[in-house]
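Residue numbers (the numbering used here): 1 to 138.
We put the beta carbon where it would ideally sit given N, CA and C, even for glycine.
Just so it is clear, the structure is predicted and the values come from calculations on it, not from any experiment.
First up is the structure itself, then whatever we jot down about it.
Here is the structure:
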């Protein structure tokens, strides 16, 4: 008999390890489009709304700007949501980012999140990725 496996979507905030006191780490945002799971890496658009981070874009959405706190369904138009945009630690295994990212793209995403104070824990970053403020090896 084959065992039954259930796949459960990410729960609201389950990726969060720690955050600043009160609501300092979180911000009310607007998701412009898409169906996004809790823990999705976000990017800010030119109009100030958020979408899933796209490392191949050249319109600003290639810059990671936060992590979605709970799921959002913006198929029918923009919806309000909450995101971690600063000063928190997250379980990297509970965070969703674009598939097939190169080491350089993953490094750029991690650097942008680190500069905002969002620290990914529990995942290995590619060798040679330099974090903000870290001196380059000679």
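Which same chain residues end up closer than 7 Å to residue 36 when comparing Cβ atoms and leaving out the 5 residues on each side of it in sequence? Along the chain shown, read from residue 1 onward, the residue named residue 36 stands at position 36. 52, 68, 71, 72.
Where residue 64 falls: helix, strand or coil (DSSP): Translated into positions along the chain shown, residue 64 becomes position 64. The answer is strand: DSSP assigns residue 64 an E or B state.
Please confirm if the region 96-107 is in contact with the region 42-49, defined as three or more CB-CB distances below 8 Å between the two stretches. no
Report the three-state DSSP secondary structure of residue 56 (helix, strand or coil). On the chain shown, residue 56 is found 56 positions in, with the first residue counted as 1. Coil, per DSSP.
Whose CA, out of 59, 10, 56, 44, lies closest to the CA of residue 113? As a working mapping, residue 113 is identified with position 113 in the chain shown. Residue 44 is the option with its Cα nearest to residue 113.
Going straight from the alpha carbon of residue 123 to that of residue 29, what length do you get? To locate residue 123, count along the chain shown from 1; it is residue 123. To locate residue 29, count along the chain shown from 1; it is residue 29. Spanning the two alpha carbons is a distance of roughly 27 Å.
Nearest to residue 88 by CA position, among 55, 26, 11, is which residue? Stepping through the chain shown from its first residue, residue 88 is reached at position 88. Answer by Cα proximity: 26.
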